[in-house]
Structure formats: structure tokens, C-alpha cells
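For our numbering, add 1331 to where a residue sits in the sequence shown, where the first one is 1.
What follows is a set of notes on a single structure, which appears directly below.
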Amino acid sequence: MLTASSSFARFALRRSGSVTNTRSFHLSPLCLEKLNVEGLASKVDLNGQNVLMRVDLNVPLSKEDDVTVTDDTRLRAIVPTAKFLLGKGANVILCSHFGRPKGEIIETGKNGRLNPVVPRLNELLGVDVKKVDDCMGAEVESASKELTNGEVLLLENTRFYAGETKNDPELAAGLGKLADYFVMDAFGTAHRAHSSTAGVAEHMKLSAAGYLLDKELKYLKGAVDAPNRPLAAIVGGAKVSTKIPVIESLIDKCDTILLGGGMIFTFYKALGYETGNSIVEEDMIELADKLMKKAEAQGVKLMLPTDVVLADKFANDANTKIAKVSEMGGEWMGLDIGPETIATFADEIEKCNTLVFNGPMGVFEMEKFATGTVTVAELLGKATARGATTIVGGGDSVAAVNQAGLGDKVSHVSTGGGASLELLEGKELPGVAALTEV
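Structure representation (C-alpha cells):
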């Protein structure tokens, strides 16, 4: 059975010619074939026109009053597209879900009405945002017809209708009566075929991507499908099962893949190592082996850590020790990558011109086991400074980078969790597929 050093030898083959490949970054065909908001404005005089804009207003509310917005990141994210449309004289009709009310009308809280976002939207957009208590029907249609030039109307939580998540044609048609043009700017829900993300586009003259969605496509498709090589992916997270499609897709695109997080122990098990009390998905061992063999066959450098941080319990006050992967076992569990691995990963990151980070290297929520994740984030910041394209691909990796205060030090931090994963997997997103082709 392979030792730690021989496992590196086995999976550290570089795709031939990758180092000399100096193609410049450019948008992939997917990014170019869909109309964007500037393209919409070039085709149509938007002055006085109603534009339905699907956004993501899922902001956290204070646990004390269920009203105060505690993080306005998602509200600020809609501003560039909304202000562009307002600048063209369009009336912007904002449409969003809020939490998961599952077809119930809930007055307050994280699954309730969208009233809490109105004051902050007023400030950010510089206009008085009007709000209605429904998202379709006679009252809403009347409010939409009364809009003049450069006004903003906020619709009620779309998921008050159970049919929203089922792409109900009646809800899609109801939304379609409010405007002639549609702008999709909610990347976080673009992987869902819902009435307000996909179905509504069938009732519009033209449908376009907003700046936020366009940027996500530019980085998660453009920079990955047509990268400035070498391209490396740093993939972590607790479970292999959630990352198998991503790793499979990245093997077809990357020169190097660096693995971390709890998932590595399933790979170690496939290589015959003892893993102690570390998390292992027994039903994924065979698939992990197949992924390693696929990488080897395609000349992709798939790198597993050579050392890990072990703990005697899953807690921040646990006793810890550094161990080679050949020394794991007993009652200990691995909760972070080790210093030798960090140094090796740093060398690999330094060689690459495009880097994708998806998933933490350890249990970063506990300070004692955050070193691997934070160091990778810092290395991405340094890579960005030297001109590399660096992408943080949604979910826990975004939280980790922001926790380290490095969100503004990378090229792009994705706003989507599941949408980011599906785009990296090469899947077609319904909310993108529904847009007008150019």
C-alpha cells in the first residue's frame, strides 16, 4: 500500500504543457451568449419602462427584534444594477423570496414579510421604495401601472406562494404582467427553476443578467473554463459526497487540485491508512479511489496533505498533536491540515495564475483548527496581489475568508452556495438558461 510520500508521487503528475500555457483570461461562451443589463439598455429605451428585477434580499435580522437588518451585504449587492436601470429612467420592480415560509403568510421574522429591508433600500438607492403586500394580482398590477420614471416598487415575499419553488406557471404569469423586461441578479437562486427565477422569463420581451449575475458567470465559468494557466483548485469541506461532482469536473479542467478538510480521511482510507476517529464516509471510499485514478490517468496533480492536526475530541480546548498521515490512528481525529502540508500547498499556489477555493481546510470555526484555512486565504490574497485570478467559490469557504478579514483581497467572492457548486460542476443553471440569448 502507498505511503504518504508515494501517494504524492502517484498523484502529483502535472498536465503536460500546463506551465507553458499562457492563455489570457477571457469570458467563456456561456458568458457571451446571454444578454446582460447593458446589452438590454442598448436594445431598448428603458425610460419609463417597468423592469422586473429578481434579487436576493435574504438578509439576517436581529434576534432581539426580528426587524433590524444586521448585515446588509446582499442589499448592497443589488445597488449597481438597480442604479443603472434607474439611471436609464426605468421603474425597477424588486422581487425576492425571504427565508422559507413554505406557502404560508408569516408577518415577521426570517420567513416573513420583506418590510425590514425597506429603510435600508431607501438609503442605498436614494429613492423612496414603495412596497406592496403581494407579488401578483390586481392590487400589484395597479401599483406597477402607476409607476412613472425612475421609481422602485418592492414586491412581497415570493415564497408566500407554495408554487414559487415548483415553477408554478400561474405565479410566473402573474409576475410577467408587471413588466415587459426582466433582469436576473440573484445568483444564489439561479440554480433553482422557480417561478421568479426561470418561469417568469417566458412572459418577458427580453430577459438579461444583472451585474452581479454577470460577474459570477465571468469568474466561475469564464476564469475556470478558459483560465490563465496553471489553474489550481483548493477543495475542502467535511464530506466527499458533497464534493464528488465538483472534483470530477475540476479534474477535467485543472492542472493541480489540493485537497483538505474532513473529506481527506475518506481518501486516506482508500489508500489503506488508519484514520482513527476522523470522519470517514465508508460508502464513498471506492469513489475516492476512482477520483485519484482518474486524476492520475489525466495527468492532473491531485495532492493530499502529508500531515494533519489531530485532536482527542471535537472541541476548541482539545489536546492536539501534529502527525504524519502514516501515524494516524487510535482515538485521535484530524481537524486541520498540518504545517508541512501548508508549506507544500503554498509552493503550489505560488506557481498558479488562476485559483479556485471551495471548502475549508479544517474546522475553521474553532480557532485551534483554523490555521490551514486562514493561511490558504492569506496565500490567495498574496496571489491576487501578484496578478493571479482568485475565486472563492461559495458556502463555508466564503465565511472562512470573511472571518479572516480577507474578502476584499481576492478577485471574486461568490454570493452563491449551491449555485457556485453547480456552476463549477458544469451544470446549466435554470436562472441563466432562461435569459435571452445574444
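Beta carbons are placed, not taken as given, at the ideal position from N, Cα and C, and that holds for glycine.
Only a predicted model underlies this, so the values are computations on that prediction, with no experimental measurement involved.
Contacting residues, own chain, Cβ-Cβ under 8 Å from residue i (five flanking each side not counted)
{"i": "Glu1768", "result": "Glu1364, Lys1365, Leu1366"}
Cβ neighbour criterion (16 or more within 10 Å) applied to residue i
{"i": "Ser1538", "result": "buried"}
{"i": "Lys1536", "result": "exposed"}
{"i": "Phe1695", "result": "buried"}
{"i": "Ile1582", "result": "buried"}
{"i": "Asn1453", "result": "exposed"}
{"i": "Ala1628", "result": "exposed"}
{"i": "Pro1391", "result": "exposed"}
{"i": "Asp1667", "result": "buried"}
{"i": "Asn1684", "result": "buried"}
{"i": "Cys1362", "result": "With a pLDDT of 46 at Cys1362, under the threshold of 50, the modelled position of that residue is not reliable, and the figure given next carries that caveat. Label assigned to Cys1362: buried."}
{"i": "Thr1439", "result": "exposed"}
{"i": "Thr1404", "result": "exposed"}
{"i": "Ile1673", "result": "buried"}
{"i": "Arg1490", "result": "buried"}
{"i": "Lys1297", "result": "With the chain running from 1332 to 1769 in the structure shown, residue 1297 is simply not present."}
Candidates the options, of which the one nearest residue i by Cα
{"i": "Lys1433", "options": "Asp1387, Gly1660, Lys1574, Asn1488", "result": "Asn1488"}
{"i": "Lys1621", "options": "Ile1578, Ala1642, Ala1654, Met1659", "result": "Ile1578"}
{"i": "Val1423", "options": "Glu1369, Asn1480, Lys1655, Thr1496", "result": "Asn1480"}
{"i": "Pro1670", "options": "Asp1638, Cys1683, Val1687", "result": "Asp1638"}
{"i": "Trp1663", "options": "Gly1607, Leu1562, Thr1573", "result": "Gly1607"}
{"i": "Val1460", "options": "Ala1469, Glu1470, Ser1475", "result": "Ser1475"}
{"i": "Gly1546", "options": "Phe1518, Ile1565, Ser1527", "result": "According to the sequence provided, residue 1546 is Lys. The question's Gly does not apply to it. When each option's Cα is compared against that of Lys1546, the closest is Phe1518."}
{"i": "Pro1576", "options": "Ala1730, Gly1747, Ala1735, Asn1689", "result": "Asn1689"}
{"i": "Asn1395", "options": "Ser1373, Glu1369, Lys1441", "result": "Sequence inspection shows Glu at residue 1395; the Asn mentioned does not correspond to that position. Taking only the C-alpha atoms, the option nearest Glu1395 is Lys1441."}
{"i": "Ile1588", "options": "Ala1626, Gly1603, Phe1598", "result": "Ala1626"}
{"i": "Lys1574", "options": "Val1382, Glu1753, Ser1393", "result": "Glu1753"}
{"i": "Lys1652", "options": "Ala1642, Glu1658, Ala1646", "result": "Ala1642"}
{"i": "Ile1616", "options": "Ala1601, Val1640, Val1386", "result": "Ala1601"}
{"i": "Ala1731", "options": "Gly1749, Thr1702, Lys1552, Asp1648", "result": "Thr1702"}
{"i": "Ser1657", "options": "Leu1371, Pro1636, Ser1473", "result": "Pro1636"}
{"i": "Lys1682", "options": "Gly1718, Gly1693, Gly1665", "result": "Gly1718"}
{"i": "Gly1665", "options": "Ile1610, Lys1508, Ile1680, Thr1672", "result": "Ile1610"}
{"i": "Met1384", "options": "Val1566, Gly1592, Phe1415, Val1398", "result": "Phe1415"}
{"i": "Val1449", "options": "Glu1472, Leu1562, Leu1425, Phe1645", "result": "Leu1425"}
{"i": "Val1707", "options": "Glu1698, Ile1680, Val1386, Tyr1604", "result": "Ile1680"}
{"i": "Lys1552", "options": "Thr1675, Val1687, Lys1713", "result": "Val1687"}
{"i": "His1534", "options": "Ala1674, Pro1558, Glu1501, Asn1559", "result": "Glu1501"}
{"i": "Gly1603", "options": "Leu1590, Gly1593, Ala1619", "result": "Ala1619"}
{"i": "Ala1677", "options": "Ala1646, Glu1709, Met1659", "result": "Glu1709"}
{"i": "Ser1751", "options": "Lys1549, Asn1446, Leu1590", "result": "Lys1549"}
{"i": "Ala1421", "options": "Val1631, Thr1412, Ser1427", "result": "Thr1412"}
{"i": "Ala1563", "options": "Leu1543, Leu1544, Ser1580, Asp1586", "result": "Asp1586"}
Terminal residues of the beta strand (DSSP E) in which residue i lies
{"i": "Lys1632", "result": "1632-1634"}
{"i": "Lys1652", "result": "1651-1655"}
{"i": "Phe1787", "result": "What the structure shows of the chain is the stretch from 1332 to 1769, and residue 1787 is not part of that stretch, so it cannot be assessed."}
{"i": "Tyr1512", "result": "1512-1515"}
{"i": "Leu1537", "result": "1537-1540"}
{"i": "Ala1564", "result": "1562-1566"}
{"i": "Val1784", "result": "Past the edges of the chain, shown from 1332 to 1769, lies residue 1784, and the structure says nothing about it."}
Cβ shell of residue i (< 7 Å), same chain only, five flanking positions each side left out
{"i": "Leu1766", "result": "Lys1365, Leu1366, Met1515, Ala1532, Ser1538, Ala1539, Ala1540"}
{"i": "Glu1612", "result": "Lys1570, Val1571, Ser1572, Thr1597"}
{"i": "Asp1727", "result": "Gly1568, Gly1690, Pro1691"}
{"i": "Ala1654", "result": "Asp1638, Val1639, Leu1641"}
{"i": "Asn1498", "result": "Ala1524, His1525, Ser1526, Ala1529, Gly1530"}
Paired residues, beta bridge with residue i - DSSP
{"i": "Ile1616", "result": "Beta-bridge pairing links Ile1616 to no other residue."}
{"i": "Asp1667", "result": "Val1640"}
{"i": "Ser1526", "result": "Paired residues: none, contrary to the question."}
{"i": "Thr1720", "result": "Thr1685"}
{"i": "Val1744", "result": "Val1723"}
{"i": "Glu1768", "result": "Lys1365"}
{"i": "Asn1381", "result": "Asn1422"}
{"i": "Val1483", "result": "Val1423"}
{"i": "Lys1461", "result": "Leu1484"}
Cutoff 6 Å; reference residue i; Cβ partners in own chain excluding five residues on either side
{"i": "Val1741", "result": "Leu1711, Thr1715, Thr1721, Val1723"}
{"i": "Pro1761", "result": "Ala1524, Ala1529"}
{"i": "Val1410", "result": "Leu1455"}
Run of the alpha helix (DSSP H) containing residue i, from where it starts to where it stops
{"i": "Val1410", "result": "1410-1418"}
{"i": "Thr1606", "result": "Element bounds for Thr1606: n/a, residue is neither H nor E."}
{"i": "Ile1437", "result": "Where Ile1437 is concerned, there is no enclosing alpha helix (DSSP H), given that its DSSP letter is neither H nor E."}
{"i": "Leu1581", "result": "1575-1582"}
{"i": "Phe1754", "result": "In the sequence as presented, Phe is not what sits at residue 1754; that position holds Leu. Taken as a continuous stretch (DSSP letters only), the alpha helix (DSSP H) holding Leu1754 covers 1749-1755."}
{"i": "Leu1455", "result": "1449-1456"}
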